[in-house]
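Enquirer: Residue numbers (the working numbering), protein chains in the order written: chain A, 1 to 313; chain B, 1 to 384.
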Amino acid sequence: MGDHALEVNNLSRHFGELIAVDGVSLHVEAGETYGLLGPNGAGKSTAISMIAGLLESHGGTIRIEGEPMTTRTTAVRSRLGLVPQDLAIYPDLTARENLRFFASLYGMGTKSAKARIDEVLEVIGLSDRADDRADEFSGGMKRRLNIGIGLLHHPRLLILDEPTVGVDPQSRNAILESVEHLASEGMSVLYTTHYMEEAERLCDRIGIIDHGRLMAEGTRRELVASLGNQDRVSITATGPLADAAEAFAALDGVAEATTSEDTITLLTGDATRVVARAVETADAHGLTVASVEITQPDLEAVFLHLTGRALRD
Amino acid sequence: MKLLSIVSVGLSRFVRDRFNLFFVFLFPLAIVLLIGIQYGEPPTLTVGVVSAGGEVSDEIIERLKDTDRVEIVLHTDPEEVADEIESGDLDAGVLLPDDLDDAAWEGRPSEVTFLSSPFGVGPQLRSVLDDALARTLAVPTAVGAATERGADPDSARAAAADAAWVLEVVDVETTTTGERIFPEDVTGFDVGASSQLVLFVFLTSLTGAASLIQSRKLGVVTRMLSTPTSLRTIIGGEALTRFFIAALQGVYIMGATVVLFGVNWGDLVATAAILVAFSAVGAAAAMLSGSVFSNDEQAAGIGVIAGLGLAALGGAMLPVELFSDTMLTIARFIPHYWAIDALADVVRRDAGLADVVPQLGILLAFAATIGAIAVWRLRVTLTR
Ligand SMILES: Nc1ncnc2c1ncn2[C@@H]1O[C@H](COP(=O)(O)OP(=O)(O)OP(=O)(O)O)[C@@H](O)[C@H]1O
Ligand SMILES: [Mg+2]
Chain A
1 MGDHALEVNN LSRHFGELIA VDGVSLHVEA GETYGLLGPN GAGKSTAISM
51 IAGLLESHGG TIRIEGEPMT TRTTAVRSRL GLVPQDLAIY PDLTARENLR
101 FFASLYGMGT KSAKARIDEV LEVIGLSDRA DDRADEFSGG MKRRLNIGIG
151 LLHHPRLLIL DEPTVGVDPQ SRNAILESVE HLASEGMSVL YTTHYMEEAE
201 RLCDRIGIID HGRLMAEGTR RELVASLGNQ DRVSITATGP LADAAEAFAA
251 LDGVAEATTS EDTITLLTGD ATRVVARAVE TADAHGLTVA SVEITQPDLE
301 AVFLHLTGRA LRD
Chain B
1 MKLLSIVSVG LSRFVRDRFN LFFVFLFPLA IVLLIGIQYG EPPTLTVGVV
51 SAGGEVSDEI IERLKDTDRV EIVLHTDPEE VADEIESGDL DAGVLLPDDL
101 DDAAWEGRPS EVTFLSSPFG VGPQLRSVLD DALARTLAVP TAVGAATERG
151 ADPDSARAAA ADAAWVLEVV DVETTTTGER IFPEDVTGFD VGASSQLVLF
201 VFLTSLTGAA SLIQSRKLGV VTRMLSTPTS LRTIIGGEAL TRFFIAALQG
251 VYIMGATVVL FGVNWGDLVA TAAILVAFSA VGAAAAMLSG SVFSNDEQAA
301 GIGVIAGLGL AALGGAMLPV ELFSDTMLTI ARFIPHYWAI DALADVVRRD
351 AGLADVVPQL GILLAFAATI GAIAVWRLRV TLTR
């Protein structure tokens with residue numbers, strides 16, 4: 001039928017006054033890795049909870065391979081593997097016991113589970129620690145076990161909610177590699193993160209979410225192109241930055257100037273043409289320039305452009 | 001299959017927790033031992049008596065000696081008796097005056113001194129002494145009074161001796177009339193053990209609720225929901241785990257009291273049915289606590305308080321026979337009451353399964369009601 005792995009339409013959820021997810025529509029194609037990129041509190045986990053059928057939505061629809069998903073549907077869940085943001089493992093059970101438990105909840109037979117558990121232990125790099133209790137694991141190992149549980153039953157759609165938070169670089173790389181590996185095997189993946197680099201590295205398409213709303217969506221190239229291919233000049237300086245903002249914005253060739261605490265960011269068609277005059281302007285306004293950085297536009301810039309804020313502060 | 005996995009993981013997590021092992025196996029055993037030993041070997045009270053001899057005095061001493069659990073030690077020096085009470089060697093002392101016999105027969109007042117420390121069993125012994133005095137002095141006092149009014153001493157004495165059998169009949173009647181709390185062939189601890197069983201089954205259930213809250217806090221319950229497992233199966237598995245742990249606690253206490261004190265649990269089918277029904281109540285209460293509280297330590301703490309409080313109100317600490325009417329009315333709203341009531345029927349009155357059906361029905365109704373509230377609460381909290 002060519003159904004999407006996931007199709008979300010106009011999904012909403014509020015907590016009291018707070019609108020956590022506000023009319024989000026997106027889809028994940030079969031075999032695609034889709035990244036949901038947004039800062040803390042953007043509504044990523046809330047959206048994921050609804051997609052996984054764990055949280056009542058206040059509007060909108062969710063379909064997984066064409067099948068509607070609500071908090072009351074059970075069967076569809078077998079197509080879905082969830083790796084929640086917060087560890088969801090039994091610390092007093094071993095890695096293998098945790099996996100065995102969830103394998104049985106996914107309805108896997110004892111025999112096929114046994115073989116698959118060994119495979120998964122291999123994928124998450126815990127084969128040699130399989131029979132140690134999870135509470136003896138390092139943070140990264142716990143995270144890997146947390147991920148392993150979501151992989152057990154070869155889900156059609158794997159949902160990972162910030163799986164690398166609080167993990168050392170080595171473990172993080174191992175996690176990213178296994179996601180890449182799974183994607184290369186044809187698994188559809190929905191991946192949330194507030195790390196731009198992860199989204200850029202892993203994802204075929206990226207949705208940018210802030211304050212519960214999907215601000216933009218597309219491939220990395222498309223998103224960057226939406227900025228009008230602008231270069232970015234970032235001047236880190238001390239002094240009355242805010243007062244100088246208007247002068248920077250008025251500079252010839254500068255499309256937009258944004259100031260944060262100690263940085264002025266200029267968006268321009270051609271950075272090399274602007275840099276010299278920008279530094280002069282800074283001098284003229286009594287700013288002490290500490291550094292000047294020129295960057296090609298990236299997702300961070302897209303985010304800044306869309307929201308006027310940095311992805312992480 | 002999934003249900004079994006949930007139960008087996010629940011039980012193996014339970015067994016791995018040393019705290020659980022302590023509170024389910026060691027702690028109840030210690031309490032049962034403590035209480036069982038009290039029932040099993042009641043303390044003997046030692047009473048020092050100073051007497052100059054004589055018919056009346058000797059009879060008083062005989063009566064005291066006949067009292068259960070009272071041992072009489074004869075002394076000659078009142079000072080010595082007082083000292084030994086102070087040092088704890090004697091529980092009490094009775095000083096019979098030298099002229100007791102003469103005074104009794106002549107109808108003169110005389111003074112018997114009762115000594116005891118302000119602590120402990122003094123009042124109990126006092127009533128034992130009062131009883132012995134009253135019974136012994138009845139005849140001489142009557143004779144003395146009659147003589148005083150001009151009767152012939154010898155015939156008054158004979159008449160009183162003839163009438164004395166009345167006192168013995170009264171004696172017999174006081175021990176046999178009225179329903180005794182515990183029948184002769186049931187040791188006090190057969191009943192005490194039922195209370196312990198009920199108390200600990202419920203207490204263990206309530207404190208065990210903490211593990212459900214932990215699972216919720218750990219996010220494992222939510223994750224279980226993300227698998228193709230129905231909420232009903234998950235809740236059922238958790239409830240069944242709680243049930244098995246409650247029943248295990250009950251079986252353990254039954255076994256321990258049989259081995260240690262030879263406690264008689266009556267008809268096993270009936271007892272098992274009561275245990276099953278009450279464990280179901282415990283499991284339901286655990287699920288309710290697990291759904292209401294969001295902090296496992298808080299739940300365990302409140303579990304202990306509620307477990308002990310309900311046990312007290314339901315008659316698992318003090319026999320309901322000693323309850324006032326108001327307390328008895330309250331007790332009827334506590335599941336413990338019905339479990340103890342049913343166990344009492346089985347243990348004391350040789351009841352079988354059919355005889356305790358009413359209590360079983362009430363217990364199952366408790367389980368169903370509490371369970372339904374718990375499931376409703378859990379559904380709400382887990383899917384919001
Ligand atoms: N159970 C809840 N009750 C009340 N508010 C909530 C609840 N869950 C989330 N929120 C609020 O909804 C908003 C979105 O939260 P959410 O967890 O979805 O963000 P997120 O994008 O996952 O953030 P992070 O990157 O920090 O994980 C936040 O403002 C949060 O405080
Ligand atoms: Mg989140």
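Here a beta-carbon is modelled for each residue, glycine too, at the ideal position from N, C-alpha and C. The structure displayed is predicted, hence computed values, not measured ones.
Say whether chain A places a C-beta atom closer than 8 Å to the C-beta of residue 201 of chain B.
Expert: The sequence position of residue 201 of chain B within the second sequence is 201, counting from 1. No, its Cβ sits nowhere closer than 8 Å to a Cβ of chain A.
Enquirer: Taking residue 45 of chain A as the query, report the chain B residues whose CB atoms sit under 8 Å from its CB, ordered along the chain.
Expert: Numbered from 1 along the first sequence, position 45 holds the residue referred to as residue 45 of chain A. Ordered by position in chain B, no residue passes the 8 Å Cβ test against residue 45 of chain A, which lies about 11 Å from the chain.
Enquirer: If you measure from the beta carbon of residue 178 of chain B to each beta carbon in chain A, is any gap under 8 Å?
Expert: Within the second sequence, the letter at position 178 stands for residue 178 of chain B. Unreliable positioning characterises residue 178 of chain B in this predicted model, as indicated by a pLDDT of 32, which lies under 50. A coordinate reading is not provided.
Enquirer: Should residue 20 of chain A be counted as a contact of ligand 1 given a C-beta to heavy atom distance under 7 Å?
Expert: Within the first sequence, the letter at position 20 stands for residue 20 of chain A. True, at least one ligand heavy atom lies under 7 Å from that Cβ.
Enquirer: Less than 8 Å between the C-beta atoms of residue 299 of chain A and residue 223 of chain A, yes or no?
Expert: As a position in the first sequence, residue 299 of chain A is number 299, starting the count at 1. As a position in the first sequence, residue 223 of chain A is number 223, starting the count at 1. For residue 299 of chain A and residue 223 of chain A, yes; Cβs fall inside 8 Å.
Enquirer: Per DSSP, what kind of secondary structure is residue 395 of chain B in: helix, strand or coil?
Expert: Here chain B comprises residues numbered 1 to 384, so residue 395 of chain B is not present and cannot be evaluated.
Enquirer: Do residue 34 of chain A and residue 189 of chain A count as a contact pair if the criterion is CB distance below 8 Å?
Expert: Counted from its first residue, the first sequence places residue 189 of chain A at position 189. Counted from its first residue, the first sequence places residue 34 of chain A at position 34. Going by C-beta atoms, residue 189 of chain A is nearer than 8 Å to residue 34 of chain A.
Enquirer: So, do the region 262-276 of chain A and the region 231-247 of chain A have three or more beta carbon pairs nearer to each other than 8 Å?
Expert: Verdict: yes, contact present.
Enquirer: Going by DSSP in three states, residue 306 of chain A sits in which element: helix, strand or coil?
Expert: For the purposes of this step, residue 306 of chain A is identified with residue 306 of the first sequence, where counting begins at 1. Here residue 306 of chain A sits in helix by DSSP.
Enquirer: Mind checking which residues open and close the beta strand (DSSP E) that includes residue 20 of chain A?
Expert: In the first sequence, counting from the first residue as 1, residue 20 of chain A sits at position 20. Run containing residue 20 of chain A: 18-28, per the beta strand (DSSP E) assignment.
Enquirer: Taking any Cβ of chain B, which residues in the region 161-187 of chain A have a Cβ under 8 Å from it, in chain order?
Expert: Hits within the stretch: zero.
Enquirer: Can you confirm whether the region 27-34 of chain B touches the region 68-77 of chain B when touching is taken to mean that 3 or more C-beta pairs between the two stretches lie within less than 8 Å?
Expert: Cβ pair count under 8 Å is below three, so no.
Enquirer: Rounding to the nearest angstrom, what Cα-Cα distance links residue 46 of chain A and residue 67 of chain A in this structure?
Expert: The count along the first sequence starts at 1 and reaches residue 46 of chain A at position 46. The count along the first sequence starts at 1 and reaches residue 67 of chain A at position 67. Roughly 20 Å separates the two Cα atoms.
Enquirer: Between residue 14 of chain A and chain B, is the shortest Cβ-Cβ distance under 8 Å, so that the two count as touching?
Expert: Residue numbering aside, residue 14 of chain A sits at position 14 when the first sequence is read from its first letter. Taking Cβ atoms only, chain B never reaches closer than 8 Å to residue 14 of chain A, which makes this a no.
Enquirer: Kindly indicate which three-state DSSP category residue 83 of chain B falls into: helix, strand or coil?
Expert: If you number the second sequence from 1, residue 83 of chain B lands on position 83. Residue state, collapsed to three classes: helix.
Enquirer: Here's a check: name, in chain order, each residue in its chain whose Cβ is nearer than 6 Å to the Cβ of residue 103 of chain B, leaving out the five neighbours to either side.
Expert: Working through the second sequence from its first residue, we reach residue 103 of chain B at position 103. Around residue 103 of chain B: 110.
Enquirer: Comparing alpha-carbon positions, which option in B/295, B/108, B/206, B/325 lies nearest residue 309 of chain B?
Expert: Position 309 of the second sequence, counted from the first residue, corresponds to residue 309 of chain B. Considering only alpha carbons, the answer is B/206.
Enquirer: Are the CB atoms of residue 159 of chain A and residue 80 of chain A within a distance shorter than 8 Å?
Expert: Position 80 of the first sequence holds residue 80 of chain A. Position 159 of the first sequence holds residue 159 of chain A. In this structure, residue 159 of chain A lies closer than 8 Å to residue 80 of chain A by Cβ.
Enquirer: Do three or more CB pairs link the region 9-26 of chain A to the region 198-215 of chain A at distances below 8 Å?
Expert: In short, these stretches touch, since the Cβ pair count reaches three.
Enquirer: Taking Cβ positions only, does residue 291 of chain B come closer than 8 Å to chain A?
Expert: On the second sequence, residue 291 of chain B is found 291 positions in, with the first residue counted as 1. By this cut-off, residue 291 of chain B is not an interface position.
Enquirer: Pick helix, strand or coil for residue 318 of chain B, following the three-state DSSP scheme.
Expert: Residue numbering aside, residue 318 of chain B sits at position 318 when the second sequence is read from its first letter. Residue 318 of chain B: coil per DSSP, three-state reduction.
Enquirer: Specify whether the region 171-185 of chain A and the region 11-19 of chain A touch according to this definition: at least 3 beta carbon pairs, one from each stretch, less than 8 Å apart.
Expert: Contact between the region 171-185 of chain A and the region 11-19 of chain A is absent, because fewer than three Cβ pairs lie under 8 Å.
Enquirer: Does any residue of chain A bring its CB to less than 8 Å from the CB of residue 21 of chain B?
Expert: The residue labelled residue 21 of chain B in the question sits at position 21 within the second sequence. With 8 Å as the cut-off, residue 21 of chain B does not count as an interface residue toward chain A.
Enquirer: Using only alpha-carbon positions, find the residue among B/8, B/273, B/213 that is nearest to residue 385 of chain B.
Expert: Shown here, chain B extends from 1 to 384; a query on residue 385 of chain B therefore has no answer.
Enquirer: Which value, in whole angstroms, describes the spacing of the CA atoms of residue 182 of chain B and residue 46 of chain B?
Expert: Here residue 182 of chain B is taken as the residue at index 182 of the second sequence, counted from 1. Here residue 46 of chain B is taken as the residue at index 46 of the second sequence, counted from 1. Here residue 182 of chain B scores only 42 on pLDDT, less than 50, and its place in the model is too uncertain to base an answer on.
Enquirer: So, with DSSP's three-state summary, where would you put residue 5 of chain B?
Expert: For the purposes of this step, residue 5 of chain B is taken as the residue at position 5 of the second sequence. Residue state, collapsed to three classes: helix.
Enquirer: Would you say residue 226 of chain A reaches chain E, if we count a Cβ-Cβ gap shorter than 8 Å as a contact?
Expert: Here the protein chains are A and B, and chain E is not one of them.
Enquirer: Pair every Cβ in the region 240-252 of chain A with every Cβ in the region 56-72 of chain A, then say whether three or more of these pairs are closer than 8 Å.
Expert: No contact exists between the region 240-252 of chain A and the region 56-72 of chain A.
Enquirer: Are residue 37 of chain A and residue 285 of chain A closer than 8 Å when you measure CB to CB?
Expert: In the first sequence, counting from the first residue as 1, residue 37 of chain A sits at position 37. In the first sequence, counting from the first residue as 1, residue 285 of chain A sits at position 285. Contact flag unset, no.
Enquirer: Using 8 Å as the threshold, is the C-beta distance between residue 241 of chain A and residue 182 of chain A below it?
Expert: To locate residue 241 of chain A, count along the first sequence from 1; it is residue 241. To locate residue 182 of chain A, count along the first sequence from 1; it is residue 182. It is not a contact, given that the beta carbons lie outside the stated cut-off.
Enquirer: May I ask you to check if the CB of residue 59 of chain A is nearer than 7 Å to at least one heavy atom of ligand 1?
Expert: The count along the first sequence starts at 1 and reaches residue 59 of chain A at position 59. It does not: the Cβ of residue 59 of chain A is nowhere closer than 7 Å to a heavy atom of ligand 1.
Enquirer: In chain B, which residues lie less than 8 Å from residue 82 of chain A when you measure between Cβ atoms?
Expert: By 1-based counting over the first sequence, the position of residue 82 of chain A is 82. In chain order: 223, 226.
Enquirer: If you run the structure through DSSP and keep just helix, strand and coil, what is residue 75 of chain B?
Expert: For this step, residue 75 of chain B is matched to residue 75 along the second sequence. Correct three-state label for residue 75 of chain B: strand.
Enquirer: Is any heavy atom in ligand 1 found nearer than 7 Å to the beta carbon of residue 42 of chain A?
Expert: Position 42 of the first sequence holds residue 42 of chain A. Yes, the beta carbon of residue 42 of chain A sits closer than 7 Å to at least one heavy atom of ligand 1.
Enquirer: Let me check one thing: in DSSP terms, what residues is residue 7 of chain A bridge-paired to?
Expert: Taking the first residue of the first sequence as position 1, residue 7 of chain A is located at position 7. In the DSSP output, where bridge partners are listed per residue, residue 7 of chain A has A/27, A/63.
Enquirer: Below 7 Å between beta carbons is the criterion; list the residues of the region 63-78 of chain A that meet it against any residue of chain B, in chain order.
Expert: From the region 63-78 of chain A, only 71, 74, 75, 77, 78 have a Cβ closer than 7 Å to chain B.
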